[in-house]
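K.L.:
Following this message is one structure expressed as structure tokens.
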Amino acid sequence: MHPAGLCAACLGSLGLLRLLGAPWPWSLAATFGVCLGGGGWRLLRLLVRTAPRDLFGLSVLLRVKYQLRRHQKAKSTIPKIFQEVVHRHPEKVAFIYEGTGEQWTFRRLEEYSNSVANFFYQQGFRLGDVVAIFMESRPEFVGLWLGMAKVGIEAALINFNLRLDSLVYCVATSGAKAVVFGGELASAISEVNGMLGKNMVKFCSGDFHPAEVPPDTKHLDPLLRSTSTSAPMQIPGKGLDDRLFYIYTSGTTGMPKAAIVVHSRYYRIAAFGYYAYRMRPEDVLYNCLPLYHSAGNIMGVGQCLIHGLTVVIRKKFSASRFWDDCTKYRCTVRGLGASIGSWLLLQP
């Protein structure tokens, strides 16, 4: 019998027996018999077999809701939650950059993001202003948007594969007043410099070659080194339901479209991954997904910022180097990407 029909038959039997005055124990026993006789034992077996999975899923949902409610009462934001993690283990490694082997401790990430917050505030950027970040995946990428968030500046995370019209469109639609680009993408910015508008402030992070960047570009790295690493005094009046940054769709149906990520959404996505995959603070997560994407920046980096995991950042996914990297850095968790498994299976 179809499950819907079986349920109707069982409920009908129970209602009829109660209407005839049968006691509850007899009514329930007879209904149970009707259920089993109609093939309900299959449904019962299915419920028993899937109960552990369903109960675990429910426990994950409840834990995330509880933690989110706790942070809402404390008026937390992602930067504030990260500061709690820093206080717990400041000298623990937060990021390992695969490109150079460089290690960032939680203290270093905190100080770098503080210098970002102080610098941009000194430059006149205020609560609600938008700054575009256009660079390849590396620890500075995270430190930039995290530092901006500390003073209420919202980052627009631009896909580093975009060029020309698509690049200009994403920067323009975000309403960005400035763009921070990696030195490796200087040529892409130079191509569109005239279309970004004369009021667009430009900063370059990383390799800086004056002949390759627009003439009005400032080298960000030395400016940050000369800025205070103390926590910013200007604390924005933001909460978990306020904007954190913008990410963009892939643009399969036209130009990429900006999606707002609020603090609570960032927390929920990262927390669901953490509890659902039974991660632990001592885990090392291998993140080869782009940081302009939610999978790499929230599901991956979020485990570092919120739960204190060490995250290995790789600039670009390489199926041939995947297992070597995981072994080298003793990774216990990999970044979540639907297509990664299939690519790995194609390797000899």
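Position one of the sequence shown corresponds to residue 1 (the UniProt record's numbering), numbered consecutively onward.
Note that beta-carbon positions come from the ideal geometry of N, C-alpha and C, so glycine has one too.
Please report the Cβ distance between Leu157 and Tyr246, rounded to the nearest whole angstrom; I am assuming they are in contact, meaning their Cβ atoms lie under 8 angstroms.
P.N.:
Sequence index remark: in the sequence shown, residue 157 carries index 157 (1-based). Sequence index remark: in the sequence shown, residue 246 carries index 246 (1-based). That pair is a contact at about 7 angstroms.
K.L.:
Any idea what DSSP makes of Phe134, helix, strand or coil?
P.N.:
Taking the first residue of the sequence shown as position 1, residue 134 is located at position 134. In the structure shown, Phe134 sits in a strand (DSSP, three-state: E or B).
K.L.:
Using the DSSP secondary-structure output, state which residues sit across from Thr50 in a beta bridge.
P.N.:
Start at 1 with the first residue of the sequence shown, and residue 50 comes out as number 50. Beta-bridge pairing links Thr50 to no other residue.
K.L.:
Should Val48 be labelled buried (16 or more other beta-carbon atoms within 10 Å of its own) or exposed?
P.N.:
The count along the sequence shown starts at 1 and reaches residue 48 at position 48. Answer is exposed; the Cβ neighbour count stays below 16.
K.L.:
Could you tell me whether the Cβ atoms of Leu185 and Gly143 are closer together than 8 angstroms?
P.N.:
Within the sequence shown, the letter at position 185 stands for residue 185. Within the sequence shown, the letter at position 143 stands for residue 143. Contact: no.
K.L.:
Locate the alpha helix (DSSP H) running through Lys328, then write down its first and last residues.
P.N.:
For the purposes of this step, residue 328 is taken as residue 328 along the sequence shown, with counting starting at 1. Its alpha helix (DSSP H) spans residues 322-328.
K.L.:
Would you mind listing the alpha helix (DSSP H) stretches within the segment 156-190 that are 4+ residues and don't spill past its ends, in chain order?
P.N.:
Fully enclosed alpha helix (DSSP H) runs of 4 or longer: 164-174.
K.L.:
What does the alpha-carbon distance come out to for the pair His87 and Leu223?
P.N.:
Position 87 of the sequence shown, counting from 1, holds the residue named residue 87. Position 223 of the sequence shown, counting from 1, holds the residue named residue 223. About 26 angstroms.
K.L.:
How would you label Tyr24, buried or exposed, when you count the other beta carbons within 10 angstroms and need 16 or more for buried?
P.N.:
Position 24 of the sequence shown, counted from the start, is the residue given in the question as residue 24. The displayed chain sequence assigns Trp, not Tyr, to residue 24. Trp24 is exposed by the Cβ-count criterion.
K.L.:
Would you list the residues sitting across from Cys204 in a DSSP beta bridge?
P.N.:
The count along the sequence shown starts at 1 and reaches residue 204 at position 204. Paired residue(s): Phe181, His219.
K.L.:
Where does Gln72 sit, in a helix, a strand or coil, going by DSSP?
P.N.:
The residue labelled residue 72 in the question sits at position 72 within the sequence shown. In the structure shown, Gln72 sits in a helix (DSSP, three-state: H, G or I).
K.L.:
Who are the Cβ neighbours of Arg63 in its own chain at under 7 angstroms, not counting the five residues just before and after it?
P.N.:
For the purposes of this step, residue 63 is taken as the residue at position 63 of the sequence shown. The answer, listed in chain order, is Tyr275.
K.L.:
At the level of alpha carbons, what is the spacing between Gly308 and Ile81?
P.N.:
As a first step, residue 308 must be located in the sequence shown, where it is residue number 308. As a first step, residue 81 must be located in the sequence shown, where it is residue number 81. If I take the Cα positions, the gap works out to 10 angstroms.
K.L.:
Please state the DSSP three-state secondary structure of Arg334.
P.N.:
Stepping through the sequence shown from its first residue, residue 334 is reached at position 334. DSSP places Arg334 in strand when its eight states are reduced to three.
K.L.:
Measure how close the beta-carbons of Tyr248 and Ile78 come, nearest whole angstrom, since I'm counting them as under 8 angstroms.
P.N.:
Taking the first residue of the sequence shown as 1, we reach residue 248 at position 248. Taking the first residue of the sequence shown as 1, we reach residue 78 at position 78. Going by Cβ atoms, the distance from Tyr248 to Ile78 rounds to 19 angstroms, so no, they are not a contact pair.
K.L.:
Using DSSP with H/G/I as helix, E/B as strand and the rest coil, what is Ile153?
P.N.:
The residue labelled residue 153 in the question sits at position 153 within the sequence shown. Reduced to three states, the DSSP call for Ile153 is coil.
K.L.:
Are the CB atoms of Leu167 and Val192 within a distance shorter than 8 angstroms?
P.N.:
Position 192 of the sequence shown holds residue 192. Position 167 of the sequence shown holds residue 167. Yes, the pair counts as a contact, with Cβ atoms nearer than the cut-off.
K.L.:
Which same chain residues end up closer than 6 angstroms to His219 when comparing Cβ atoms and leaving out the 5 residues on each side of it in sequence?
P.N.:
Mapped onto the sequence shown, residue 219 falls at position 219. So the qualifying residues of the chain are Cys204, Phe208.
K.L.:
CB residue 381 to CB Gly99, shorter than 8 angstroms?
P.N.:
Residue coverage of the chain in this structure runs from 1 to 348, which leaves residue 381 outside it and unanswerable.
K.L.:
So what's Arg314 in DSSP terms, helix, strand or just coil?
P.N.:
As a position in the sequence shown, residue 314 is number 314, starting the count at 1. If DSSP states are grouped into helix, strand and coil, Arg314 belongs with coil.
K.L.:
Using a threshold of 8 angstroms, state whether the C-beta atoms of Ser174 and Ala258 are closer than that.
P.N.:
One-based indexing of the sequence shown puts residue 174 at position 174. One-based indexing of the sequence shown puts residue 258 at position 258. Their beta carbons are under 8 angstroms apart, which means Ser174 touches Ala258 by this criterion.
K.L.:
State buried or exposed for Leu19, treating a residue as buried only when at least 16 other CB atoms are found within 10 Å of its CB.
P.N.:
Taking the first residue of the sequence shown as position 1, residue 19 is located at position 19. That one is exposed.
K.L.:
Taking only the alpha-carbon atoms, compute the straight-line gap between Arg321 and Ile269 and give it to the nearest angstrom.
P.N.:
As a position in the sequence shown, residue 321 is number 321, starting the count at 1. As a position in the sequence shown, residue 269 is number 269, starting the count at 1. Approximately 28 angstroms, taken between the alpha carbons.
K.L.:
Identify, in the order they occur along the chain, each residue of the same chain with its Cβ nearer than 7 angstroms to the Cβ of Asn201, setting aside the five sequence neighbours on each side.
P.N.:
Within the sequence shown, the letter at position 201 stands for residue 201. Note that residue 201 corresponds to Val in the displayed sequence, not to Asn. So the list reads Lys177, Ala178, once near-sequence residues are dropped.
K.L.:
Can you tell which of Thr227, Ile235, Ser190, Val130 has the C-alpha that lies nearest to the C-alpha of Ile260?
P.N.:
For the purposes of this step, residue 260 is taken as the residue at position 260 of the sequence shown. The shortest C-alpha separation from Ile260 is found at Val130.
K.L.:
Just tell me which of Arg126, Gly21, Arg225, Met255 has its CA closest to the CA of Ile235.
P.N.:
One-based indexing of the sequence shown puts residue 235 at position 235. When each option's Cα is compared against that of Ile235, the closest is Arg126.
K.L.:
Classify Asn199: buried if its beta carbon has 16 or more other beta carbons within 10 angstroms, exposed otherwise.
P.N.:
By one-based count along the sequence shown, residue 199 stands at place 199. Exposed, since its Cβ has fewer than 16 Cβ neighbours within 10 Å.
K.L.:
Suppose only complete runs of 3+ residues qualify. What are the beta strand (DSSP E) ranges in the segment 83-127, listed by chain order?
P.N.:
With a minimum length of 3 residues, the continuous beta strand (DSSP E) runs that stay inside the segment 83-127 are 93-97, 102-105.
K.L.:
From Val60, Ala51, Gly21, pick the residue whose C-alpha is nearest to that of Tyr277; which is it?
P.N.:
Start at 1 with the first residue of the sequence shown, and residue 277 comes out as number 277. Ranking the options by Cα distance to Tyr277, first place goes to Val60.
K.L.:
Residue range of the alpha helix (DSSP H) that Tyr277 falls in?
P.N.:
Counting from one through the sequence shown, the residue named residue 277 turns up at place 277. Unbroken run through Tyr277: none, as it is neither H nor E.
K.L.:
Closer than 7 angstroms by C-beta to Gly300: which residues in its own chain qualify, once you throw out the five before and the five after it? Chain order, please.
P.N.:
The residue given as residue 300 occupies position 300 in the sequence shown. Hits under 7 angstroms: Leu285, Asn287, Leu289, Val311, Gly335.
K.L.:
If we count the other Cβ atoms within 10 Å of its Cβ and call it buried at 16 or more, is Met233 buried or exposed?
P.N.:
As a first step, residue 233 is located in the sequence shown; it is residue number 233 there, counting from the start. Looking at its Cβ environment, which holds fewer than 16 other Cβ atoms inside 10 Å, Met233 is exposed.
K.L.:
Beta-carbon within less than 8 angstroms of Ser230's beta-carbon, same chain only, minus the 5 sequence neighbours each way: which residues are those?
P.N.:
Counting from one through the sequence shown, the residue named residue 230 turns up at place 230. Within the same chain, Ser230 has close Cβ partners Asn114, Asn118.
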